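Visitor: Residue numbers (the numbering used here): 66 to 141.
(1) If I measure Cβ to Cβ from residue 128 and keep anything under 7 Å in the same chain, skipping five residues before and after, which residues do I get?
(2) Give the single residue among 85, 75, 76 whose Cα lies nearest to the Cα of residue 133.
(3) Going by other Cβ atoms of all chains shown within 10 Å of its Cβ, with 16 needed for buried, is residue 101 buried or exposed?
(4) Between residue 124 and residue 88, what straight-line distance do the alpha-carbon atoms span, to the nearest angstrom?
(5) Rounded to a whole number of angstroms, what is the C-alpha to C-alpha distance between residue 109 and residue 95?
(6) So if DSSP puts residue 141 in a beta bridge, which residue, or which two residues, is it bridged to?
(7) Terminal residues of the continuous beta strand (DSSP E) containing residue 97?
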């Protein structure tokens with residue numbers, strides 16, 4: 066499972082998402098879009114959204130953090 070999280074330092078839902086994946090023992094790659102314009106453009110291209118978090122789970126894009134939605138995406 067490839068997990069990428071697009072975040073900003075002040076985002077509470079981003080922290081919740083990262084904690085969730087840590088508790089599940091799933092590694093992830095994090096990109097701080099406030100410090101990396103190239104990754105911010107990539108996030109918008111993938112999601113059509115400028116808000117964070119944006120999760121990329123093996124190419125399945127989720128905007129925001131909803132544990133139920135993440136669970137369903139992980140088990141597809």
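Cβ atoms here follow ideal geometry from the backbone N, Cα and C, with glycine treated the same way.
Computed from a predicted model, the values in this text were never measured in an experiment.
Guide: Judging by the given coordinates:
(1) 112, 114, 116, 119
(2) 85
(3) Residue burial is scored here from C-beta neighbours: residue 101 has fewer than 16 other C-beta atoms within 10 angstroms and is therefore classed as exposed.
(4) 22 Å
(5) Rounded to the nearest angstrom, the two C-alpha atoms are 15 Å apart.
(6) Answer is none; residue 141 lacks a bridge partner.
(7) Run containing residue 97: 94 to 97, per the beta strand (DSSP E) assignment.
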